[in-house]
Structures are given as structure tokens and as C-alpha cells.
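Okay, so here's the structure we're looking at.
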Amino acid sequence: MLNKRHLPSITALQCFEAVTRHLSFTRAAEELNLTQSAVSKQVAQLEELLQHLLFRRVRRRLQMTPAGDLYLVEVRKILTQVEMSTHYLRSYGGETEVLRVSTPYTFGARWLVPRLKGWRLRHPQIHLDLCNEQEPDELLQGKADLAFYFGAGSRPGTESLELFSEELIPVCAPDSLPATPFSDPTQLSDLVLLQNASRPQGWHDWFASQGYQTEHSYHGPRFDTFYMCIRAAQVGCGVALLPRFLVEEELADGKLVIPWQHAMPSQDAYYLAYPEHSAEVPKVRDFVRWMLEQVQGSGLKPNPQNHAPTHTTRTTRSA
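End of the sequence shown sits at 319 in UniProt numbering; the numbers just go up one at a time, nothing left out.
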């Protein structure tokens, strides 16, 4: 195994990458403001470390070897990450704190982002860093300071505030509707039932809540996120079963319609969670307070006990 003393330096990687673009040690040296011999020496040391030739001369011209081609892919990833990390840190002032927030993709784009307007004015010292790469233990691993999720209780080792519940409704494009109104909900399967990977039981439960069953409950194209289901319904691929609050804009604009008037309340809810040890961290406390204000002004049904963290353990993934 390589120990830290034997890992290549950033300078060596930069020299190698520059030479691959110019296929010239001289031009690479000019770009990096180094001497030609310095660049050549860095590449030679890299080849010695790797025990592979990265370049060869063919009729006085420099060419990359297969090993060089392979190594270049990884080197560019490393240099890009270093550059991004450097810009990331330089973008903040000395008094700025970073607050990392994880959110389901569609929930974040449709509900959360519009409710961040004004945050910067009230909390200029707290920089929000939003991501949608959700993992069950992301809070405990320190990958995020707070996380929004959909489920039925808190994640182990966290405190969770129940924000609001949802109701599921079928939606489709206006021109997808037949001339004759449906006489029972199972006829929606004639439009194609769009399936959501995070709610595989969705259609089955929606039909069952009205006393109906159909062999088509699980049939239809499957999409990974609610956002893709919304777009698929809009362009006429079929009928999607979606939380009403995620499609209010499309319903108001007439881009989507409700083909059968039945809304099924979900047994689960949306939560905002943070590690138990972070409860008194000022930036976490400020964000929680801000989000509770947004929930109260959103028209959704907040949990009257949402000031009290929950401590049950079952959760589900949401898109």
C-alpha cells in the first residue's frame, strides 16, 4: 500500500494534466510558470511512483500511453474537486456559517425553495447548502445539519418536527380525458397509471380507500421522482397519483386536471429532522424557526404539536 509520503503531489498532477492537453513539456511549463525541466521531472517522478509510463515519444512527437489515458480520467476528477472545494471555501466570509440541508428532490424544488425567499436578508451570516442525496444516516454521519423527509416518525438519534400531512389525488393532462366522464375510478387505468418508485402501493391504496380493486394497480411506467411523474402526466403519458400541494400551480393554470374527485389522506407526514446534539446550535435553531413560520403561512395543515420532536422510528423514502 502507498503511504501518505508516497502519494503524488498536486503539482505533479497539475503538470501531468497540462502536458496531456498540450502534448508538450515546454508549453505545459509556460502555462504553469515553471521550467521545462521542472515539469519533466514531476512527470518522471509520477511515472516512477505509478510504475507505468504515461507518455512515449513517437517520431519526435509526444503521445499518451493507454495507462496515461486511464490515469488522466481520475486526475481530472481530483483536480476538479480540489478546485471546487477551494472556491467553495473562498465564497464565504470569516463570519459566515454553512448550513447543510438535505431534501427530497421534488419536495425541495416545489415547496422548499420558494419558501427560502427572504432567508438571506434575515440571516446573512448563514449560507444554505441544499442537496437531495438522502441517506438514512446522513445526519449522524455529519453529511447534513438538517434533513426533510417523508415518513411516520423520527430517525434514530435525531429529533424530528412533524410539519404537515398530504393528500393524494389523480392528475392528468386535460386532453387525456375521454369525451364520456368516468363512471368508476378503475377506468383511470385506460389512461395508463403512472407509477412512482417511492410509493409502490399508491394506486392500490387509492382504489382500496374507495372500495375498489383493479388488476392494473401496479401496471404502468415507473418513475423515480414525483417531478418526473408530474412531467409525464403533463405531456399525456397517463394519470399520476400525486400530493396535491406539489401540483397546485399546474391545477390552477389548467395544465393538469383531476379526472376523478377523490383525495386520499396519507397516513404519513413530512418532517424536518436534526441530530439530537444539535438542538441548541444557533444556526439549526434559526432554520427550524424559519421553517415553522413558513408552514404556518403555507395553507397546509401543520401538526399542532410540531414544536415537540417525535421519537418513533419508521420512515419511508419520498421523491
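The beta-carbon is built from N, C-alpha and C at its ideal position, and this holds for glycine as well.
Extent of the continuous alpha helix (DSSP H) to which residue i belongs
i: Ser102; result: Run containing Ser102: none in the alpha helix (DSSP H); it sits in the beta strand (DSSP E), Glu97 to Ser102.
i: Arg199; result: Unbroken run through Arg199: none, as it is neither H nor E.
i: His127; result: From DSSP, His127 is part of no alpha helix (DSSP H) but of the beta strand (DSSP E) over Ile126 to Cys131.
i: Ile230; result: Phe226 to Gln234
i: Ala38; result: Gln36 to Leu50
i: Pro282; result: Pro282 to Gln296
i: Asp253; result: Glu248 to Asp253
i: His22; result: Ile10 to His22
i: Thr26; result: Phe25 to Leu32
i: Leu121; result: Trp119 to Arg122
Bridge-paired residues (DSSP) for residue i
i: Glu159; result: Tyr274
i: Ile169; result: Leu242
i: Asn264; result: As written in the sequence, residue 264 is Met, which differs from the Asn given in the question. Leu168, per the DSSP bridge assignment.
i: Phe148; result: Leu272
i: Val113; result: Val113 is not bridged to any residue.
i: residue 321; result: The chain is shown from 1 up to 319; residue 321 falls before or after that span and cannot be answered.
i: Arg222; result: Gln195
i: Val257; result: Cys172
Of the listed residues the options, nearest to residue i (C-alpha basis)
i: Arg60; options: Ser24, Tyr218 and His52; result: Ser24
i: Gly299; options: Ser278, Val257 and Phe245; result: Phe245
i: Pro170; options: Val257, Ile126, Thr80 and Ser160; result: Val257
i: Gly254; options: Cys172, Glu17, Arg56 and Asn132; result: Cys172
i: Ser165; options: Tyr271, Arg285 and Gln141; result: Tyr271
i: Leu191; options: Gln42, Glu17 and Ala179; result: Ala179
i: Gln141; options: Arg100, Leu163, Trp111 and His127; result: Arg100
i: Glu30; options: Cys15, Arg199, Pro181 and Ala252; result: Cys15
i: Asp286; options: Pro185, Asp224, His123 and Ala273; result: His123
i: Tyr149; options: Leu112, Leu251, Gln294 and Glu167; result: Leu112
i: Ser198; options: Thr35, Thr225 and Lys283; result: Thr225
i: Glu74; options: Tyr105, Leu13 and Gln210; result: Leu13
i: Thr186; options: Gly211, Glu162, Leu163 and Ser176; result: Gly211
i: Glu162; options: Ala273, Arg57 and Glu83; result: Ala273
i: Pro221; options: Leu241, Leu251 and Leu168; result: Leu241
i: Thr65; options: Arg76, His52 and Lys77; result: His52
i: Leu54; options: Thr35, Gln36, Glu83 and Val19; result: Val19
i: Asp145; options: Ala152, Leu49 and Leu128; result: Leu128
i: Trp203; options: Gln234, Glu167, Cys131 and Leu177; result: Glu167
i: Leu79; options: Ser176, Ile10 and Glu250; result: Ile10
i: Pro174; options: Gly108, Glu250, Met84 and Gly118; result: Glu250
i: Leu46; options: Pro275, Leu72 and Gln201; result: Leu72
i: His219; options: Gly118, Leu188 and Glu248; result: Leu188
Run of the beta strand (DSSP E) containing residue i, from where it starts to where it stops
i: residue 336; result: Residue 336 lies beyond the range of the chain shown here (1 to 319); nothing can be said about it.
i: Arg56; result: Phe55 to Val58
i: Gly63; result: One point to set straight first is that residue 63 is Gln, not Gly, in the sequence displayed. Looking at the DSSP string, the run of the beta strand (DSSP E) that includes Gln63 is Arg61 to Met64.
Cβ-based burial, residue i [other Cβ within 10 Å; buried from 16]
i: Asn196; result: buried
i: Thr315; result: Note that Thr315 scores a pLDDT of 43, beneath 50, so its modelled location is shaky and nothing firm can be said.
i: Leu70; result: exposed
i: Leu7; result: exposed
i: Arg110; result: buried
i: Gln42; result: buried
i: Ala44; result: exposed
i: Gly68; result: buried
i: Gly236; result: exposed
i: Met291; result: buried
i: Leu49; result: exposed
i: Ser176; result: buried
i: Gln81; result: exposed
Within-8 Å CB hit, residue i to chain D
i: Pro259; result: Any reference to chain D falls outside this structure, which holds one protein chain only.
Any non-hydrogen atom of the ligand ZN closer than 7 Å to residue i Cβ
i: Asn196; result: As for the ligand ZN, it is missing from this structure, which has no ligand bound.
Checklist entry - If we count Cβ pairs, one from each stretch, closer than 8 Å, do we get three or more for the segment 155-162 versus the segment 257-266? => result no
Next on the checklist: Is it the case that the segment 125-145 contacts the segment 195-215, given that we only count it when at least three CB pairs across the two stretches are under 8 Å?
Outcome noted: no
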